[in-house]
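Notes follow the structure.
Protein chains: 4
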Amino acid sequence: MEIQKLKDLLKKAYAPYSNFQVAACAIDENGKEYYGVNVENAAYPSGICAERSALFGSVAYGAKVGTFKEIHIISKKEGIISPCAGCRQVMTEFMPPEAKVYQYSNNAKQVRINTVAELVPYSILESDIK
Amino acid sequence: MEIQKLKDLLKKAYAPYSNFQVAACAIDENGKEYYGVNVENAAYPSGICAERSALFGSVAYGAKVGTFKEIHIISKKEGIISPCAGCRQVMTEFMPPEAKVYQYSNNAKQVRINTVAELVPYSILESDIK
Amino acid sequence: MEIQKLKDLLKKAYAPYSNFQVAACAIDENGKEYYGVNVENAAYPSGICAERSALFGSVAYGAKVGTFKEIHIISKKEGIISPCAGCRQVMTEFMPPEAKVYQYSNNAKQVRINTVAELVPYSILESDIK
Amino acid sequence: MEIQKLKDLLKKAYAPYSNFQVAACAIDENGKEYYGVNVENAAYPSGICAERSALFGSVAYGAKVGTFKEIHIISKKEGIISPCAGCRQVMTEFMPPEAKVYQYSNNAKQVRINTVAELVPYSILESDIK
Numbered sequence: 001m002e003i004q005k006l007k008d009l010l011k012k013a014y015a016p017y018s019n020f021q022v023a024a025c026a027i028d029e030n031g032k033e034y035y036g037v038n039v040e041n042a043a044y045p046s047g048i049c050a051e052r053s054a055l056f057g058s059v060a061y062g063a064k065v066g067t068f069k070e071i072h073i074i075s076k077k078e079g080i081i082s083p084c085a086g087c088r089q090v091m092t093e094f095m096p097p098e099a100k101v102y103q104y105s106n107n108a109k110q111v112r113i114n115t116v117a118e119l120v121p122y123s124i125l126e127s128d129i130k
Numbered sequence: 001m002e003i004q005k006l007k008d009l010l011k012k013a014y015a016p017y018s019n020f021q022v023a024a025c026a027i028d029e030n031g032k033e034y035y036g037v038n039v040e041n042a043a044y045p046s047g048i049c050a051e052r053s054a055l056f057g058s059v060a061y062g063a064k065v066g067t068f069k070e071i072h073i074i075s076k077k078e079g080i081i082s083p084c085a086g087c088r089q090v091m092t093e094f095m096p097p098e099a100k101v102y103q104y105s106n107n108a109k110q111v112r113i114n115t116v117a118e119l120v121p122y123s124i125l126e127s128d129i130k
Numbered sequence: 001m002e003i004q005k006l007k008d009l010l011k012k013a014y015a016p017y018s019n020f021q022v023a024a025c026a027i028d029e030n031g032k033e034y035y036g037v038n039v040e041n042a043a044y045p046s047g048i049c050a051e052r053s054a055l056f057g058s059v060a061y062g063a064k065v066g067t068f069k070e071i072h073i074i075s076k077k078e079g080i081i082s083p084c085a086g087c088r089q090v091m092t093e094f095m096p097p098e099a100k101v102y103q104y105s106n107n108a109k110q111v112r113i114n115t116v117a118e119l120v121p122y123s124i125l126e127s128d129i130k
Numbered sequence: 001m002e003i004q005k006l007k008d009l010l011k012k013a014y015a016p017y018s019n020f021q022v023a024a025c026a027i028d029e030n031g032k033e034y035y036g037v038n039v040e041n042a043a044y045p046s047g048i049c050a051e052r053s054a055l056f057g058s059v060a061y062g063a064k065v066g067t068f069k070e071i072h073i074i075s076k077k078e079g080i081i082s083p084c085a086g087c088r089q090v091m092t093e094f095m096p097p098e099a100k101v102y103q104y105s106n107n108a109k110q111v112r113i114n115t116v117a118e119l120v121p122y123s124i125l126e127s128d129i130k
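Chains as they are written, first to last, in the UniProt record's numbering: chain A, 1 to 130; chain B, 1 to 130; chain C, 1 to 130; chain D, 1 to 130.
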């Protein structure tokens, strides 16, 4: 994906409580890009992170859960940002274990790439609960 | 909004655990429509409802939190569906108190219209926690 | 319940991000009291409110979901605090519609009492999704 | 901890939607045990897992966030259960990286022990967002 687009997305984040902006771009099996930013709430637990916003929001527009091959994440943080584990749980449903998570520094000059499986060892899947 | 579009959206819901599909369309101050469906997860608390999916997802695409004037909701349920209170909390951040919530029956022949204020009496706002 | 106990509970809240402490006491059909405080998280959506903490935590200690007759809430806010709608959704599962929600000011000299039904008109119940 | 106590706890789980019972016991630095079970909700995202129920619920009873040294988890699943990543995020706030997560099979004859750091590589902490 075009990294400038991801950086620009940070300006759209709604983070009046933490003042910590995060943006994400999830890419499905067809190469289609879906965007998300963090969206906070006066009741903190009712907000959502950028990664989940991008993934959840994609489904009504035709994306298929389970088929995402990449997600790219950037934040206000100078160093490399990692997704919170709450978002990682959602990734395990949207992305196969070998799908890639691109984690950027704020200036996008550094990136760490992990697979979903590396970020969520021993993940919980549909087969576990049925 | 065009009701057939909302009904069609139900088919996109990802609800393999509850088998209870829900779809939503949120409309901002400019009349722009944003869509959402429920997206479940093997870890049930990690899923999201249709209403929140539509609202959260809109922000990266330019919608402004606080400016939504309508949200329309339909579900698999034969009768009129109400939004869960978790979604209502998010509505209080995205929509002014007088904004309207259209709650349809599955065939869309019945609708109940409430304001956000009617669905969330004594809501919690930013001013409450600062 | 003894109001001083509720006020004292505020000191136990873990709210390093919002600095907005909340405490709750939920009372089941047998008059047994269960306590909760808000517990925040670096990833804001992964925190929990005091009301839900009290209710969720009670079940492992023998409380029965659906039988709670009262919940009492206090916070750092000078005026009367209302429960967020996310907590109200959990109340609808733990408490019958006529159960009472006591909402105190910080000094506990003011209180507003509402039923769960008043705080969550048109609630979503198990029968709605099955 | 006494494993029979953990197994017995499974009967207290409130899981009418998934019929997948989970129980947890979290142990703080003083060796005090706090219990939790999963507690579901008609609106699936409004439920909570056993691990979070045990951890969140402990704070009002005097436990200190950050000091937990162990958590033990059991479920209806025949094989070894892993915590969902949503719970792992909460563990990162309650437990130091070297704290231990005991993951049992249903009959408790098998157990896998991981550190929190192993289950959440590259975790998000308070220092990341401030």
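For glycine and all other residues, C-beta sits at the position ideal for the given N, C-alpha and C. Remember, it's a predicted structure, so these values are computed and weren't measured experimentally.
The C-beta of SER53/C comes no closer than 7 Å to any C-beta of chain B. MET91/C and GLU40/A have their C-alpha atoms some 23 Å from each other. Straight through space, the alpha carbons of GLN103/B and ILE74/B are spaced by roughly 6 Å.
Listed in chain order, the non-local C-beta contacts of HIS72/A below 6 Å within the same chain comprise MET1, LEU6, CYS25 and TYR102, local neighbours out to five positions each way being set aside. Interface annotation, PRO45/C: in contact with chain A, CB-CB separation under 7 Å. Spanning the alpha carbons of PHE56/D and ILE48/C requires a straight line of approximately 7 Å. With a contact defined as Cβ atoms closer than 8 Å, ALA42/D and ILE113/C miss out at about 25 Å. Taken through DSSP and simplified to helix, strand or coil, GLU98/C comes out as coil. With fewer than three CB-CB distances shorter than 8 Å, the region 6-21 of chain A does not count as touching the region 61-68 of chain A. Closest in C-alpha terms to GLY66/B, from the list VAL37/B, ASN107/B and VAL116/B, comes VAL116/B. At a cut-off of 7 Å, the C-beta of ILE3/D has no neighbouring C-beta in chain B.
Closest by C-alpha distance to ALA108/D, out of TYR122/D, VAL120/D and GLY79/D, is GLY79/D. Scanning chain C for C-beta atoms nearer than 9 Å to the C-beta of LEU119/D yields nothing, as the closest lies near 15 Å away. Residue state for GLU70/C is assigned as strand, using DSSP reduced to three classes. Its chain contains VAL37, ASN38, VAL39 and GLU40 as the residues whose beta carbon lies nearer than 8 Å to that of TYR14/B, once the 5 sequence neighbours on both sides are disregarded; these appear in chain order. Put simply, of ASP8/B, GLU51/B, CYS84/B and MET95/B the residue whose alpha carbon is nearest the alpha carbon of LEU119/C is CYS84/B. Secondary structure at GLY47/C: coil, using DSSP grouped into helix, strand and coil.
Among the residues of chain D, none has a CB under 7 Å from the CB of LYS100/A; the nearest is roughly 14 Å distant. Bridge partners of ARG112/C according to DSSP: GLN103/C. Any Cβ of chain A closer than 7 Å to the Cβ of ALA60/B would place that residue at the interface, and such an atom is present.
With respect to the 7 Å criterion, GLN110/A and GLY86/D are not classified as neighbours on the basis of their beta carbons. Taking a Cβ-Cβ threshold of 7 Å, the residues of chain C close to GLY86/A are ALA43, PRO45 and SER46, in chain order. The distance from the Cβ of PHE94/A to that of ILE27/A is about 11 Å, inconsistent with a contact at the 8 Å cut-off. For SER127/A, the closest Cβ of chain D is not nearer than 7 Å. In this structure TYR122/C touches SER82/B by the C-beta definition: roughly 4 Å separates them, less than 8 Å. Taking the C-beta atoms as reference points, LYS100/A is found nearer than 7 Å to GLU70/A. Counting only the Cα atoms, GLU126/C lies some 12 Å from LYS77/B.
Counting every other CB atom within 10 Å of its CB across the protein chains shown gives GLU51/B a total of 16 or more, marking it as buried. For VAL65/C, the three-state secondary structure derived from DSSP is coil.
A straight-line Cα-Cα distance of about 29 Å links ASN30/D and PRO45/C.
Against GLU40/B, the close residues of chain D are TYR44 and PRO45, in the order they occur along the chain (beta-carbon pairs closer than 9 Å). In the three-state DSSP reduction, SER123/B falls in the coil class, being neither helix nor strand. Excluding the 5 residues flanking it on each side, GLU98/C has same chain C-beta neighbours closer than 6 Å at THR115, in chain order. The DSSP-derived three-state label of CYS87/B is helix. Within chain C, the C-beta atoms nearer than 8 Å to that of SER18/A come from TYR17 and TYR44, in chain order.
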